[in-house]
Amino acid sequence: MAARRKITLDRRKVVANILKDRGDLLLVTGLGAPTWDAASVEDNPNNFYLWGGMGGAVLTGLGLALAQPQRRVLVLTGDGEMLMGVGGLATVAVQKPSNLAIGILDNQRYGETGMQETHTEHGVDLAAMASGAGFQTTSTVYNAAELKTAIPMLYNTPGPVFVDVKVTAEDQPMILPPRDGPTLKHRFRENLLGSI
Amino acid sequence: MATKSNTKYTLQRRKVVHRILEGRGDAAVVTGIGNAVHDVASANDDPKNMYLAGIMGGAAMVAFGVALAQPKRRILVITGDGELLAGIGSLATIGVEQPKNLSIIVIDNQAYGATGNQHTHTGRGVDLVGIAAASGFKKTALITTNAELQAELPRIHNKPGPYLAVVKVMSKSSARIDAPKDGTYVSRRFRAAVTGESA
Amino acid sequence: MVSKKSKTWHWSQDVHQLFKKIGIKQVAYVPDGGLAKLLERCQADKSMRSVVLTTEEEGVAQMAGAWLGGQRGVLLTQSGGVGNCINMLSMMQECRIPLLSLVSMRGEWGETFPWQVPMGQSTIPALEAAKVIVHHVDQAEKVPETVQAAAKLAFDANRAVAVVISQRISGSGSKG
Amino acid sequence: MARKKKTDWSKDVFKVLKKADVQQIAYVPDAGHTSLIKMAIADNVIKPVSLTSEQEGVAVLSGAWLGGEAGALLMQSSGVGNVINMLGMANECRFPLLMLVTMRGEWGEFNPWQVPMGQATEGVLEASGVIVHRVDEPSEIAETVEAAAKLAFEGGRMVAVLIGQRVVGFKDWTK
């Protein structure tokens, strides 16, 4: 299990850093704060926000990565959402999608329901779980220097890549991107495929 | 995608289960679906066996609930790799809760035995022991030989858990031994045996 | 059983007292805003063990184990979580194991958030298709007596019962 | 019993899936789907995705469709009970979703534990807004899947084809 270390990273800054030079990255976000974090950078047609389907972000990313092998696909989601579909890590590892990266914004809390502690607050080590599931590249990030090393992994290291970024549990203002499902879906596909 | 061929394992699932259950004492046993039911039933149809004959992904948490309710008794889970994978988040929940009297034994033939021996994830790089350790299980083991099995028996039965062992066995089903399959019967029989009360 | 309602009264007070009275020892949950106050009371109560889950189906399995081991438990979930439990509920039906569950609704009364609506609208029919007895309650004062009735049906008559607590009571839904 | 028939309908169904340009097949293994899964694995174009739990499959196929590919989810009826919450996402976004479900817990079932979920399968699917096509004749499976695929991918709907246990057969537990 990971040793306890001080958590200092601000989730919004982390996401802004990750997405700064995103190029043509396709982004899937898990429900709740990761969606707002992504929207706080910009609302990009290459973003698909999950506003529901808790436990499904990583697998949505897998299906997309398999369908678009030439494009890098990044899933940004929270620790609670990841835990709800954690078997998906094994499924992803078996598929070995070289273009898929998963970034966890791990505040060790269920942010949507009142900041209750999740299992990661109590010793569950998501990066080690991913490694056990068969991910060759995993990392747990606690500070800016480690984040700097991890960001190129998210973009360039052959996937699947798993990075657990420990962030503080501070509540951030909600920045709401569009949430109408059919609209998001049409926009994403039209931008990617040229038709809906 | 190619399915990788696996290392050949030599342990026989039924012998492994019998060896473990020989020393069960007053332990309660919760089985996963499929072969695990037959393996446990073939040792002895004990009233303290709860056969989950038709549900995927629930064995670990059923046993966890029993473990909380019966803290003085050892609770053993005997299940397969596919069944555990279907509810793998349970390991994290159990890792957080740290029930000392719970041992999970995964009989890993790296195949879905009940449905035609399709490869499960464990035949393709998924390490259940690693996932258990990452989930907060302090005691884990990978068992591939009789000597290793023998050495782990005290931890399976007596030492503080939560404990998880993966026992790699040959990818072959054994003869089917029927356990009582009526759920209302086995559940009430189990409850009476472990609590001393009738339902 | 219900004390008269003062301004500060919240249904969770009486439900928590009821849990104590009927000997609830295991409280399994995935956190939810609508049930937060009840959860806090249960967590603060040393006579019951609160267990946070990764997904709600774990809780159904845990409740089966609790009953098998001679204890009573309760599963607290949001309506979305019901959709994660349907297969595991078949075990409760097949073995006729008691299940008491409190479900906090989303996707119905005054919901402002479209993604919650499909599962919210499926919650009761899905429970009923899975042969769970549903008690729907949409007034705060009636929650305790409904839970009390459901607990009897669950633990005395050995049935799977869900008390579905309307969004009208929790008022949740302003936020995702 | 119906081993020959099983192979036959699987081949025809596979042709239908190919014709519908299905490129991802996600599955939790089931005896009734054995032949289809083998064909999916052997196919050069189709990406087979084996899952730990069926809910993963709904999410995978949502992603597949976002990325421009059609897919199908193969599972047993018990797996339907694991996908209900995730169907909320497919419903809300109106993702096409094609599910082929082999039934247990009905015609000639020997395992009582399968009965509750088998009997609930159609009800919970309909409660979730899924259009259900049921088929009990081996000769009608392929055309039913073809119709379901059209309704899913052209009509933009969630559609499940329930393949009756009468077709899939009893499990032979004697060997």
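These protein sequence lines map, in sequence, to chains A, B, C and D. Under this note's numbering, the first residue of the first sequence is numbered 1, with each subsequent residue one higher. Under this note's numbering, the first residue of the second sequence is numbered 1001, with each subsequent residue one higher. Under this note's numbering, the first residue of the third sequence is numbered 2001, with each subsequent residue one higher. Under this note's numbering, the first residue of the fourth sequence is numbered 3001, with each subsequent residue one higher. Using N, Cα and C, we set each Cβ at its ideal position, and we do this for glycine too.
Below 8 Å, enough C-beta pairs join the segment 53-67 of chain A and the segment 3075-3089 of chain D to call them touching: three or more.
Interface flag for residue 3114 of chain D against chain B is set, since a Cβ pair is found closer than 8 Å. Residue contact check for residue 1105 of chain B against chain D: no CB pair falls below 8 Å.
Beyond the five residues adjoining it in sequence on each side, residue 3141 of chain D comes within less than 8 Å, by CB distance, of 3009, 3012, 3013, 3135, 3161, 3163 and 3167 in the same chain, given in chain order.
A direct Cα-Cα distance of roughly 8 Å separates residue 1058 of chain B from residue 1032 of chain B. The residue from C/2130, C/2124, C/2146 and C/2089 with its alpha-carbon nearest to that of residue 2018 of chain C is C/2146. At a Cβ-Cβ threshold of 8 Å, residue 117 of chain A and residue 32 of chain A do not count as neighbours. If you compare the alpha carbons of C/2027, C/2097, C/2076 and C/2009 with that of residue 2164 of chain C, the shortest gap goes to C/2076. According to the DSSP assignment, residue 3048 of chain D belongs to the beta strand (DSSP E) that extends over 3047-3050. Assignment of residue 3110 of chain D by DSSP, reduced to helix, strand and coil, places it in the coil class. Cβ atoms of residue 1041 of chain B and residue 1133 of chain B stay farther apart than 8 Å, at about 31 Å. Per DSSP, reduced to three states, the secondary structure at residue 1173 of chain B is coil, with no helix or strand assignment. The Cβ-Cβ distance between residue 1169 of chain B and residue 1108 of chain B falls below 8 Å. The CB of residue 1070 of chain B comes closer than 8 Å to the CB of 2069 and 2070 in chain C, given here in chain order.
The alpha-carbon of residue 1053 of chain B is positioned some 12 Å away from that of residue 3110 of chain D. Only exposed fits residue 1185 of chain B, as fewer than 16 other CB atoms lie within 10 angstroms of its CB. Sorting D/3030, D/3153, D/3062 and D/3105 by C-alpha distance to the C-alpha of residue 3021 of chain D places D/3153 at the top. The Cβ atoms of residue 3029 of chain D and residue 1110 of chain B lie no closer than 8 Å to each other. DSSP lists B/1163 as the beta-bridge partner residues of residue 1139 of chain B.
In the three-state reduction of the DSSP assignment, residue 3026 of chain D falls in the strand class, which pools E and B.
When rounded, the separation of the alpha-carbon atoms in residue 162 of chain A and residue 155 of chain A is 11 Å. Of all C-beta pairs linking the segment 2031-2038 of chain C to the segment 2092-2107 of chain C, three or more are shorter than 8 Å, placing the two stretches in contact. Taken through DSSP and simplified to helix, strand or coil, residue 1015 of chain B comes out as helix. Taking a beta-carbon distance threshold of 8 Å, residue 3128 of chain D does not count as an interface residue toward chain B.
About 6 Å separates the beta carbon of residue 97 of chain A from that of residue 160 of chain A, a gap short enough to meet the 8 Å contact definition. Taking all protein chains shown into account, residue 190 of chain A has fewer than 16 neighbouring C-beta atoms within 10 Å of its C-beta and is therefore exposed. Restricting attention to D/3067, D/3095, D/3075 and D/3073, the CA atom closest to the CA of residue 72 of chain A is found in D/3067. In chain A, no part has a C-beta under 9 Å from the C-beta of residue 2156 of chain C; the shortest such distance is about 32 Å. With fewer than 16 other Cβ atoms inside 10 Å of its own Cβ, residue 69 of chain A counts as exposed. At the C-beta level, residue 110 of chain A and residue 88 of chain A stay beyond 8 Å of one another. Three or more Cβ pairs closer than 8 Å define a contact, and the segment 134-153 of chain A falls short of that threshold against the segment 2060-2069 of chain C.
Contact check for residue 2157 of chain C and residue 2132 of chain C: beta-carbon distance about 13 Å, past the 8 Å limit, so the pair fails to qualify. According to the DSSP secondary-structure assignment, residue 1076 of chain B is paired through a beta bridge with B/1029 and B/1103. Of the other Cβ atoms in all chains shown, fewer than 16 fall within 10 Å of the Cβ of residue 174 of chain A; this residue is therefore exposed. A Cβ-Cβ separation of about 7 Å places residue 3027 of chain D in contact with residue 3075 of chain D under the 8 Å criterion.
Partner residues in the beta bridge of residue 2073 of chain C, as assigned by DSSP, are C/2026.
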